Amino acid sequence: MKNHWQLKNEQELNGVIEKAKQTFPFLQDDQLIQHRAQLFKALGDETRLRIVGMLMHSDLCMCEITAALQLPPSTVTHHLKLLERGKVVHVYKQGKFTIYQLNQEVVMPLMEERRDIHV
């Protein structure tokens, strides 16, 4: 075991960056990085995870989400905008209602519970 940390030189750091890009191909494209960051930001909040959980079972309008979570409409609107920006939800109109639908293709692979991982 090493007794002290040795800083990596520029060549070693470039090697680390290249390995990261091979492991996570989206790191090779700034726009893809931004999209991925928005996705994780959208999922990085307890309230938004509750909304995602509800939308896994049913499409809902904002008033239903507001009633279920017992939060002010302005708070729910804020969370729904972040979920929309992160491509976590699809939004469509039905009459006077704006309906939110979970983007299951994006979310489900991330949300599946792994019982062998403890955070």
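In the working numbering, the protein residues as written are 146 to 264. C-beta: ideal position from N, C-alpha, C; glycine also. Just so we're clear, the structure is a prediction, and the values are computed from it rather than from any experiment.
Point to revise | For Val236, the first and last residue of its enclosing alpha helix (DSSP H) | key: Note, Val236: premise wrong, no alpha helix (DSSP H); beta strand (DSSP E) at Val234 to Gln239.
Review point. Where do the ends of the beta strand (DSSP E) carrying Leu247 lie?
Key: Phe242 to Leu247
Exercise for review: Can you give me the Cβ contacts of Arg195 inside the same chain, cut-off strictly under 7 angstroms, excluding the 5 residues immediately before and after it?
Suggested key: Leu214
Exercise for review: Write down the C-beta distance between Val252 and Val233 rounded to the nearest angstrom, noting that I regard them as a contact closer than 8 angstroms.
Suggested key: Contact holds; Cβ gap of about 6 angstroms.
**Study point:** CA nearest to the CA of Gly231, picked from Leu158, Asn248, Leu216 and Glu257
**Key:** If we check each option's Cα against that of Gly231, Asn248 comes out closest.
**Study point:** Reduced DSSP secondary structure (H/G/I, E/B, other) of Leu255
**Key:** helix
**Study point:** DSSP-derived helix/strand/coil call for Leu135
**Key:** As shown, the chain starts at 146 and ends at 264. That puts residue 135 outside it, with no answer to give.
Review point. Since Ile162 and Phe171 are thought to touch, with beta carbons under 8 angstroms apart, how far apart are those beta carbons, to the nearest angstrom?
Key: Not a contact, Cβ separation roughly 14 angstroms.
**Study point:** Start-to-end residues for the alpha helix (DSSP H) that takes in Gln215
**Key:** Per DSSP, Gln215 belongs to no alpha helix (DSSP H) and is neither H nor E.
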